[in-house]
Amino acid sequence: MRLVLLGPPGCGKGTQAKRLQEIFGIIQLSTGDMLRAEAAAASETGRKAAAIMQAGQLVPDAMIIGLIEVRVDQPDCRNGFILDGFPRTLAQAEALDAMLAARHLDLDRVVAIEVDDEDIVTRIAGRFSCSRCGALYHDVFHRPKQDGKCDVCGATEFTRRPDDTAETVRKRLQAYHVQTVPIIEYYRRKGLLRCVDGAGAIAEITEKLKVAIREGTRVD
Ligand SMILES: [Zn+2]
15 MRLVLLGPPG
25 CGKGTQAKRL
35 QEIFGIIQLS
45 TGDMLRAEAA
55 AASETGRKAA
65 AIMQAGQLVP
75 DAMIIGLIEV
85 RVDQPDCRNG
95 FILDGFPRTL
105 AQAEALDAML
115 AARHLDLDRV
125 VAIEVDDEDI
135 VTRIAGRFSC
145 SRCGALYHDV
155 FHRPKQDGKC
165 DVCGATEFTR
175 RPDDTAETVR
185 KRLQAYHVQT
195 VPIIEYYRRK
205 GLLRCVDGAG
215 AIAEITEKLK
225 VAIREGTRVD
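Residue 15 is where the sequence shown starts when you use my numbering, and the numbers rise one by one after that.
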């Protein structure tokens, strides 16, 4: 089973990809993780990618496709894979198809997790953590039992990531929509697309994803 999981930042697709990996016995391929692994291993690709990212530029599609290509040829991907965080643009979706077609492979399903923008803003902009022990909290979903005091270590200092402000999140979501609408259309035309409502508990969303993935897919 070869899957692509689409969804805005903060929709929980990384978490869901991990769960689907277990359920379907397939490998989660996160291009972010793959790039970090290459950088850590100081491979040629890793060094090149690190230099590009340090310069504040985007890693070229061909480099990412090259990484995925090497990865899908490995034995643990024989049962299939789930791509999370890729493709992000129509050009990447087309390059992915071409790479798979050259291996006589294709995608079985593309699932888009849908969450209202303002829900995402609430989810991301509400996050904060304990400055001392790193325990995670949320303004709405998980406040410390006693306001201003960490449940775990009792510290009274908290931090927020500078890019987790409502304004930054809205900008990221705008960019996501501009890039993703064409991909959604591309996969819809191919008959591969299913959409799943990303509101609710993690386990609930996993169930909806399982249904969407199994619906009409061939079993091989
Ligand atoms: Zn703490």
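Cβ coordinates follow ideal geometry from the N, Cα and C atoms, glycine included.
Please read all numbers here as calculations on a predicted model, not as lab measurements.
How would you call residue i, buried or exposed, if buried means at least 16 neighbouring beta carbons within 10 angstroms?
{"i": "P74", "result": "exposed"}
{"i": "K27", "result": "buried"}
{"i": "L223", "result": "buried"}
{"i": "L72", "result": "exposed"}
{"i": "E52", "result": "buried"}
{"i": "F142", "result": "buried"}
{"i": "M15", "result": "buried"}
{"i": "D161", "result": "exposed"}
{"i": "G212", "result": "buried"}
{"i": "Q188", "result": "exposed"}
{"i": "V154", "result": "exposed"}
{"i": "Q68", "result": "exposed"}
{"i": "A115", "result": "exposed"}
{"i": "I78", "result": "buried"}
{"i": "A226", "result": "buried"}
{"i": "I40", "result": "buried"}
{"i": "A8", "result": "This structure cannot speak to residue 8, because the chain is shown only from 15 to 234."}
{"i": "Q88", "result": "exposed"}
{"i": "I82", "result": "buried"}
Run the proximity test for residue i: is its beta-carbon closer than 6 Å to any non-hydrogen atom belonging to ligand 3?
{"i": "A149", "result": "Ligands present in the displayed structure are limited to ligand 1, and ligand 3 is not among them."}
Name the DSSP beta bridge partners of residue i, please?
{"i": "Q188", "result": "In the DSSP output, where bridge partners are listed per residue, Q188 has none listed."}
{"i": "S145", "result": "Paired residue(s): none; S145 is not in a bridge."}
{"i": "D98", "result": "L19, S44"}
{"i": "T173", "result": "S143"}
{"i": "R123", "result": "L17"}
{"i": "L150", "result": "S143"}
{"i": "L207", "result": "V124"}
{"i": "H156", "result": "H152"}
{"i": "K27", "result": "BP columns for K27 are empty, so no partner."}
Measure from the alpha carbon of residue i to the alpha carbon of each residue in the options, then state which is nearest.
{"i": "I219", "options": "G148, A126, R102", "result": "A126"}
{"i": "C147", "options": "C167, T173, H118, A76", "result": "C167"}
{"i": "G99", "options": "D165, D130, Q193, I66", "result": "Q193"}
{"i": "L43", "options": "A56, Q160, L20", "result": "L20"}
{"i": "S145", "options": "R186, E128, T173", "result": "T173"}
{"i": "D133", "options": "A180, R228, L97", "result": "A180"}
{"i": "R228", "options": "T29, F38, R33, K32", "result": "F38"}
{"i": "P176", "options": "R202, Y201, G140", "result": "G140"}
{"i": "L110", "options": "H191, R50, R85", "result": "R85"}
{"i": "R50", "options": "I41, I40, K62", "result": "K62"}
{"i": "E108", "options": "I96, K204, R186", "result": "K204"}
{"i": "L119", "options": "P101, T103, Q106, R92", "result": "R92"}
{"i": "A76", "options": "L97, P101, R117", "result": "P101"}
Thinking residue i and residue j are a contact (beta carbons under 8 Å), I'd like their distance in whole angstroms, please.
{"i": "V124", "j": "V183", "result": "V124 to V183, Cβ: 24 Å. No contact."}
{"i": "G24", "j": "I138", "result": "4 Å"}
{"i": "V129", "j": "P196", "result": "20 Å between Cβ atoms; not a contact."}
{"i": "V18", "j": "L121", "result": "6 Å"}
Say whether chain D places a C-beta atom closer than 7 Å to the C-beta of residue i.
{"i": "S145", "result": "This model lacks chain D altogether, as it is built from one protein chain only."}
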